[in-house]
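Q: Our numbering puts the last residue of the sequence shown at 356; the count rises by one with no breaks. No residue lacks a Cβ here, since even glycine has one placed at the ideal position from N, Cα and C. Structure incoming, see below.
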Amino acid sequence: MEAPAAPHLVLLGLRCAGKSTVARMLSARLDMPWRDLDNMVAAAFALPDAAEAWKRHGERGFRAAEVSCLRLALAEPGGVIALGGGTPTIPAATSSLRAAQDAGTAVLVYLRASPGTLRSRMLADTSTCRPSLTGTLPEDEVESIFLKRDSLYRKIADHVAVSDSLTPGELVAQVSSAYRQDVGAEASHRPA
Numbered sequence: 165m166e167a168p169a170a171p172h173l174v175l176l177g178l179r180c181a182g183k184s185t186v187a188r189m190l191s192a193r194l195d196m197p198w199r200d201l202d203n204m205v206a207a208a209f210a211l212p213d214a215a216e217a218w219k220r221h222g223e224r225g226f227r228a229a230e231v232s233c234l235r236l237a238l239a240e241p242g243g244v245i246a247l248g249g250g251t252p253t254i255p256a257a258t259s260s261l262r263a264a265q266d267a268g269t270a271v272l273v274y275l276r277a278s279p280g281t282l283r284s285r286m287l288a289d290t291s292t293c294r295p296s297l298t299g300t301l302p303e304d305e306v307e308s309i310f311l312k313r314d315s316l317y318r319k320i321a322d323h324v325a326v327s328d329s330l331t332p333g334e335l336v337a338q339v340s341s342a343y344r345q346d347v348g349a350e351a352s353h354r355p356a
């Protein structure tokens with residue numbers, strides 16, 4: 165009998181929390197494929213990036229595509245999934261994530277960074293265009309978005325990894341350790 169696929173390792177967090185960077189590194193460390201939800205949404209619209217998809221289709225169209233892409237990613241064999249920053253704020257996405265958690269097919273890790281750290285990272289990353297969510301400059305809205313989302317992210321996450329003072333490598337080590345503990349605990353509770 166074939167062993168069941170490993171659960172997905174789903175990374176959530178605000179913009180510039182390191183989800184995409186850490187997902188790539190975790191993919192190599194855990195020998196699992198990785199998927200970036202923002203890239204999947206852009207591809208679904210045949211556009212170069214998520215910012216362009218947001219611009220052309222608006223928040224409503226973008227969020228609908230995000231839910232569809234999340235469901236597709238969760239239906240694939242286990243891998244590392246980097247969510248978009250706002251994915252967990254969509255009720256249908258949260259329902260899909262919770263169903264995967266309940267089924268033992270996903271472990272959710274919140275990459276948490278302080279608003280100051282997120283703002284610094286955003287200002288340092290001049291190559292990425294990020295749409296405003298509030299009508300102000302993206303770097304100026306970080307704190308208000310953090311205050312709106314932090315408790316939700318904490319509530320749905322299986323683990324919280326505080327990334328402010330960690331290098332990407334240290335964060336990968338922490339997240340992979342938490343994931344492996346969860347996967348080991350689940351395996352020990354499976355019927356023989």
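1) On the criterion of 16 or more Cβ atoms from any shown chain inside 10 Å, does ASP328 qualify as buried, or is it exposed?
2) Hey, TYR274 and ARG318: beta-carbon distance below 8 Å or not?
3) Any idea which residues DSSP pairs TYR274 with across the strands?
4) Should ARG220 go down as buried or exposed, given a rule of 16 or more other Cβ atoms within 10 Å for buried?
5) Between the C-alpha atoms of ASP195 and GLY243, what's the straight-line distance to the nearest angstrom?
6) For ALA237, which residues in the same chain have their Cβ closer than 8 Å to its Cβ, ignoring the five residues on either side in sequence?
7) Distance, Cα to Cα, ARG313 vs LEU190?
8) Compare the C-alpha of SER308 against each of ARG283, LEU287, SER232 and name the closest.
9) For ILE254, which of helix, strand or coil comes out of DSSP?
10) Are there 16 or more other CB atoms within 10 angstroms of the CB of ALA214, so buried, or fewer, so exposed?
11) One question on the structure: do GLU230 and GLY249 come within less than 8 Å of each other, judged by their Cβ atoms?
12) Quick check: ARG193 and SER340, are their CB atoms within less than 8 Å of each other?
13) On the three-state DSSP scale, how would you describe ASP200?
14) Is it right to say THR331 is buried, meaning 16 or more other beta carbons lie within 10 angstroms of its own, or is it exposed?
15) Return yes when the Cβ of VAL306 is within less than 8 Å of the Cβ of ARG276, no when it is not.
16) Drop a sphere of 10 angstroms on the beta-carbon of ALA267, count the other beta-carbons inside from all chains shown, and report buried for 16 or more, exposed for fewer.
17) Using a Cβ-Cβ cut-off of 7 Å (strictly less than) and excluding sequence neighbours within five positions of THR258, which residues of its own chain qualify?
A: Walking through what the data contain:
1) Taking the sequence shown and counting its residues from 1, one reaches residue 328 at position 164. Counting the other Cβ atoms within 10 Å of the Cβ of ASP328 gives fewer than 16, which makes it exposed.
2) Position 110 of the sequence shown, counted from the first residue, corresponds to residue 274. Position 154 of the sequence shown, counted from the first residue, corresponds to residue 318. Result yes, Cβ atoms of TYR274 and ARG318 sit closer than 8 Å.
3) Within the sequence shown, numbered from 1, the residue matching residue 274 stands at position 110. Paired residues: LEU176, VAL324.
4) In the sequence shown, the residue the question calls residue 220 occupies position 56. ARG220 should be labelled exposed.
5) Translated into positions along the sequence shown, residue 195 becomes position 31. Translated into positions along the sequence shown, residue 243 becomes position 79. Take the alpha-carbon of ASP195 and the one of GLY243: they are about 9 Å apart.
6) What you label residue 237 is simply residue 73 of the sequence shown in a count that begins at 1. Taken in chain order, the residues that qualify are HIS172, ARG199, LEU201, MET204, GLY243, ILE245.
7) Taking the sequence shown and counting its residues from 1, the one referred to as residue 313 is at position 149. Taking the sequence shown and counting its residues from 1, the one referred to as residue 190 is at position 26. Rounded to the nearest angstrom, the two C-alpha atoms are 24 Å apart.
8) Residue 308 sits at position 144 when you count from the first residue of the sequence shown. Residue ARG283 is the option with its Cα nearest to SER308.
9) Counted from its first residue, the sequence shown places residue 254 at position 90. ILE254: coil per DSSP, three-state reduction.
10) Residue 214 sits at position 50 when you count from the first residue of the sequence shown. Result: buried.
11) The residue you call residue 230 lines up with position 66 of the sequence shown. The residue you call residue 249 lines up with position 85 of the sequence shown. Contact flag unset, no.
12) Stepping through the sequence shown from its first residue, residue 193 is reached at position 29. Stepping through the sequence shown from its first residue, residue 340 is reached at position 176. A contact, by the Cβ cut-off of 8 Å.
13) The count along the sequence shown starts at 1 and reaches residue 200 at position 36. DSSP places ASP200 in strand when its eight states are reduced to three.
14) Counting from one through the sequence shown, the residue named residue 331 turns up at place 167. That one is exposed.
15) One-based indexing of the sequence shown puts residue 276 at position 112. One-based indexing of the sequence shown puts residue 306 at position 142. No, these two residues do not count as a Cβ contact at 8 Å.
16) For this step, residue 267 is matched to residue 103 along the sequence shown. ALA267 is exposed by the Cβ-count criterion.
17) Taking the sequence shown and counting its residues from 1, the one referred to as residue 258 is at position 94. Here the set comprises PRO252, ILE320.
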